[in-house]
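For the sequence shown, numbering that gives the first Met the number 0 assigns the number 454 to the last residue and increments by one with no breaks.
Just below is one structure, and these are the notes that go with it.
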Amino acid sequence: MKKQTTKLIALVISVLMLATLLPAMTFAAEEPVCEIGSVQYADFGDALAAVQDGETIKILKDIEYDKTTVWSVGSYVLRITDKSITFDLNGYVLSLVNLQDATPSFGLMINNGDVCIIGDGEFNITGYTAVRVEYNGKTEVTNVTSFGDVGCGIEVQDMYSTVTVNGDITAVYRGVNSYGAVVVNGDINSQVTGVYAWGDAADVIVNGDITVNGLSSTSEQTMGVRSYRNAKVTVNGSITVNDNGDGETYGVYAHTNSAGGSVIVNGDINVNSVNSIGVAARYENSLVTVNGGIIVPDDGTYIRIGTNDKTEEDGVPSIIKPGYFEYTDEISYVWVLNQHPCALDHDWGEWIVTTPATYEADGVETRVCAVCGEEETRAIPKLVQEKPLLDQLNDAIANGDYYGDGPITVVINGVEYVFESNNGNYNGNGTLFCTIDGVVYKLDRNAKGIKGVKN
Ligand SMILES: [Zn+2]
């Protein structure tokens with residue numbers, strides 16, 4: 000009896016074990032997650048271990064891979080060194096996730112290599128620092144999440160490396176930290192710096208918006224974009240920076256010690272904290288162009304050039320960049336687009352007489368801009384009295400320009416006229432004639448200066 004019971008229990012246990020194992024075996028045997036050529040893999044890690052330079056891993060279902068490898072100083076999920084591989088996303092989502100909350104830890108690391116993606120789908124990376132690329136490393140990813148206190152969404156460590164982010168970057172510290180070339184086609188959300196770019200080769204383009212919601216918990220100032228040492232940064236969307244602390248908060252901070260760092264923002268810059276600076280251009284030859292507006296609180300700083308704060312009204316029409324207001328200390332420059340539709344020139348209509356001129360007073364004529372309706376006026380000189388020629392001659396003689404015995408020469412308005420007299424006697428009894436252009440004029444004998452005067 001006792002033996003029978005033991006057998007029954009053993010049978011029950013066997014059946015239970017079989018039932019537990021069955022689904023796992025089915026899963027492993029019939030649902031590969033990816034393939035390299037004709038070889039299928041149920042474990043994505045096995046495929047990563049097997050993939051050779053130039054090969055493609057085709058994804059066969061959504062994969063979230065979080066197995067970390069620890070090396071001497073940190074950890075990573077995928078590290079590519081000296082080789083080029085391709086993920087054919089094949090319509091699926093491939094996620095690399097490293098939840099190690101310690102630096103340096105990465106989701107994806109590339110040292111002198113290339114991780115390409117083809118096909119529809121997403122290649123998403125999460126880590127303390129999500130993606131680190133160095134020594135001529137290149138990659139293209141979809142969405143990036145960095146949760147580290149001093150981590151970065153994208154970290155490009157040298158001038159030969161490039162990263163393209165087709166989606167968004169979410170980061171605690173810096174969205175992008177780059178010495179090389181980065182293109183972000185989506186938005187960047189961070190809590191300290193949206194983009195930090197450093198060095199001659201740094202060229203960061205953000206096609207979406209940058210939003211930085213600072214926590215004031217770090218020692219670093221909160222900034223939308225920080226450009227240093229000739230780095231180029233272009234933001235085609237807007238920059239919004241909020242901070243709840245009392246530290247300095249910048250929309251754009253361009254600074255360099257040697258060559259011009261240049262930043263172009265095509266959207267608006269909106270900074271909101273108790274110590275807001277819209278745009279700062281510091282030190283030598285920092286250049287910033289803003290094609291949107293700069294919005295700061297009433298007590299905020301619109302633009303800081305060197306150590307001088309400028310209000311919006313301090314801008315003067317730029318000769319270097321026509322159509323822009325310029326703010327400069329003649330070392331660094333900030334140009335803000337003049338948003339007026341006629342910033343470069345009005346589209347003037349014809350001059351129209353609004354008040355006719357008279358012999359006594361100037362008149363007024365007016366023209367109107369066809370675009371903005373601006374009016375411009377100018378004076379019309381008052382009319383000049385045209386006297387009959389005979390009167391002018393008499394005036395000239397009366398004013399004594401010249402006359403004498405024999406032919407008389409009179410100068411009228413700079414032109415010399417020679418008069419012939421009928422008897423050469425100008426004592427007032429004779430009559431004086433003159434001929435101009437074939438017309439004989441009889442001069443007024445009583446004109447002043449003719450009577451009794453004779454050479
Ligand atoms: Zn106009």
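Even glycine gets a Cβ: it sits at the ideal position worked out from N, Cα and C.
request  = Please classify F122: does DSSP put it in a helix, a strand, or coil?
outcome  = Counting from one through the sequence shown, the residue named residue 122 turns up at place 123. Reduced to three states, the DSSP call for F122 is strand.
query = What is the DSSP secondary structure of D45, counted as helix, strand or coil?
reply = By one-based count along the sequence shown, residue 45 stands at place 46. If DSSP states are grouped into helix, strand and coil, D45 belongs with the helices.
message = At 3 residues or longer, what runs of the beta strand (DSSP E) sit wholly inside the segment 263 to 318?
response = 268 to 271, 275 to 282, 286 to 289, 300 to 304 and 307 to 309
ask   = N422: buried (16+ other C-beta within 10 angstroms of its C-beta) or exposed?
value = By one-based count along the sequence shown, residue 422 stands at place 423. In this prediction, N422 scores a pLDDT of 39, lower than 50, which makes its location untrustworthy; no coordinate-derived value is stated.
inquiry  = When you measure from the CB of E373 to every non-hydrogen atom of ligand 1, does any distance come out below 7 Å?
reply    = Counting from one through the sequence shown, the residue named residue 373 turns up at place 374. Flag set: Cβ of E373 near ligand 1.
request  = Please report the Cβ distance between D186 and T221, rounded to the nearest whole angstrom; I am assuming they are in contact, meaning their Cβ atoms lie under 8 Å.
outcome  = Walking along the sequence shown from the start, residue 186 turns up at place 187. Walking along the sequence shown from the start, residue 221 turns up at place 222. D186 to T221, Cβ: 17 Å. No contact.
request  = Decide if the segment 322 to 334 is in contact with the segment 274 to 288; the criterion is three or more beta carbon pairs, one per stretch, under 8 Å apart.
outcome  = yes
Endpoints, the beta strand (DSSP E) within which K57 is located = Within the sequence shown, numbered from 1, the residue matching residue 57 stands at position 58. That run of the beta strand (DSSP E) goes T55 to I58.
task = Name the two residues that bound the continuous beta strand (DSSP E) containing D113.
result = To locate residue 113, count along the sequence shown from 1; it is residue 114. Counting along the chain, the beta strand (DSSP E) containing D113 begins and ends at D113 to I117.
Every unbroken beta strand (DSSP E) within the segment 191 to 231, with a cutoff of 3 residues, ordered by chain = 192 to 197, 202 to 205, 209 to 213 and 221 to 227
message = Using the three-state DSSP reduction, which class does D87 fall into: helix, strand or coil?
response = In the sequence shown, the residue the question calls residue 87 occupies position 88. D87: strand per DSSP, three-state reduction.
task = Out of E30, D52 and G299, point me to the one whose CA is closest to K60's CA.
result = Residue numbering aside, residue 60 sits at position 61 when the sequence shown is read from its first letter. Looking at the Cα atoms, E30 is the closest of the given residues.
task = Buried or exposed for Q99, please, with buried defined as at least 16 other CB atoms from any protein chain shown within 10 angstroms of its CB.
result = As a working note, residue 99 is residue 100 in the sequence shown. Q99 comes out buried.
ask   = If you drop the 5 nearest sequence neighbours on each side, which residues of the same chain put their C-beta closer than 6 Å to that of T55?
value = Numbered from 1 along the sequence shown, position 56 holds the residue referred to as residue 55. Same-chain partners within the cutoff: T85 and D87.
query = Tell me which same chain residues have a C-beta within less than 7 Å of the C-beta of T357, skipping the five on either side of it?
reply = Here residue 357 is taken as the residue at index 358 of the sequence shown, counted from 1. Answer for T357: K381 and L382, listed in chain order.
inquiry  = Please tell me whether, using a cut-off of 7 Å, the distance from the CB of A345 to the nearest non-hydrogen atom of ligand 1 is below it.
reply    = Translated into the one-based positions of the sequence shown, residue 345 becomes position 346. The residue asked about is misnamed: residue 345 is His in this sequence, not Ala. For ligand 1, at least one heavy atom lies less than 7 Å from the Cβ of H345.
ask   = Expressed to the nearest angstrom, what Euclidean distance is found between the alpha-carbon atoms of D344 and V370?
value = Within the sequence shown, residue 344 is the residue found at index 345, counting from 1. Within the sequence shown, residue 370 is the residue found at index 371, counting from 1. The alpha-carbon atoms of D344 and V370 are separated by roughly 10 Å.
task = Determine the closest residue to N457 out of T354, V262, D242 and L93, with distance taken between C-alpha atoms.
result = In the structure displayed, the chain extends from 0 to 454; residue 457 sits before or after that span and is not available.
task = Assuming I168 and V143 form a contact by the criterion Cβ under 8 Å, report the distance between their Cβ atoms to the nearest whole angstrom.
result = In the sequence shown, residue 168 corresponds to position 169, counting from 1. In the sequence shown, residue 143 corresponds to position 144, counting from 1. The Cβ separation is near 5 Å, so the contact holds.
query = Nearest to I153 by alpha carbon, out of G193, G120, E121 and K66?
reply = Start at 1 with the first residue of the sequence shown, and residue 153 comes out as number 154. Per the Cα distances, G193.
key: Near ligand 1: V175 beta-carbon under 7 Å from a heavy atom   = Stepping through the sequence shown from its first residue, residue 175 is reached at position 176. False, no ligand heavy atom lies under 7 Å from that Cβ.
key: Sub-8 Å separation of Q190 and G166 beta-carbons   = Counted from its first residue, the sequence shown places residue 190 at position 191. Counted from its first residue, the sequence shown places residue 166 at position 167. Going by C-beta atoms, Q190 is not nearer than 8 Å to G166.
ask   = Which residue comes first and which comes last in the beta strand (DSSP E) that contains V72?
value = What you label residue 72 is simply residue 73 of the sequence shown in a count that begins at 1. Per DSSP, V72 belongs to no beta strand (DSSP E) and is neither H nor E.
query = Given K2, which residues of its chain have a CB within under 8 Å of its CB, disregarding the five upstream and five downstream residues?
reply = Walking along the sequence shown from the start, residue 2 turns up at place 3. Here K2 scores only 45 on pLDDT, less than 50, and its place in the model should not be relied on; the value that follows carries that caveat. Answer for K2: no residue qualifies.
query = How many angstroms separate the CA atom of V224 from the CA atom of C33?
reply = Counting from 1 along the sequence shown, the entry for residue 224 is found at position 225. Counting from 1 along the sequence shown, the entry for residue 33 is found at position 34. The straight-line gap from Cα to Cα measures roughly 39 Å.
inquiry  = I'd like to confirm something about C368: is its beta-carbon nearer than 7 Å to some heavy atom of ligand 1, or not?
reply    = Counting from 1 along the sequence shown, the entry for residue 368 is found at position 369. Yes, ligand 1 has a heavy atom inside 7 Å of this Cβ.
key: Cβ neighbours of P103 in the same chain (closer than 7 Å, five flanking residues each side left out)   = Within the sequence shown, the letter at position 104 stands for residue 103. Around P103: V72, G73 and T128.
message = Taking only three categories from DSSP, how would you classify S94?
response = Reading the sequence shown from its first residue, position 95 is the one you call residue 94. In the structure shown, S94 sits in a strand (DSSP, three-state: E or B).
Alpha-carbon spacing of I79 relative to N97, whole angstroms = Indexing the sequence shown from 1 puts residue 79 at position 80. Indexing the sequence shown from 1 puts residue 97 at position 98. Using only the alpha carbons, I get a separation of about 15 Å.
task = Please indicate yes or no: does the CB of C115 lie closer than 7 Å to some heavy atom of ligand 1?
result = Your numbering for residue 115 matches position 116 in the sequence shown. Checking the Cβ of C115 against ligand 1 gives no.
ask   = On the three-state DSSP scale, how would you describe D167?
value = The residue you call residue 167 lines up with position 168 of the sequence shown. Three-state DSSP puts D167 in coil, outside helix and strand.
Where the beta strand (DSSP E) containing Y64 begins and where it ends = On the sequence shown, position 65 is the one that residue 64 refers to. Here the beta strand (DSSP E) through Y64 covers I62 to Y64.
inquiry  = Using 8 Å for Cβ pairs, my map puts V164 next to G179. What's the rounded Cβ distance?
reply    = Locating residue 164 in the sequence shown gives position 165, where the first residue counts as 1. Locating residue 179 in the sequence shown gives position 180, where the first residue counts as 1. Not a contact, Cβ separation roughly 13 Å.
ask   = Starting from C33 and walking both ways along the beta strand (DSSP E), at which residues does that stretch end?
value = In the sequence shown, residue 33 corresponds to position 34, counting from 1. Start and end: C33 to I35.
message = Please classify G36 as buried or exposed, where buried requires at least 16 neighbouring CB atoms within 10 angstroms.
response = Locating residue 36 in the sequence shown gives position 37, where the first residue counts as 1. By the neighbour-count rule (16 or more Cβ atoms within 10 Å), G36 is not buried but exposed.
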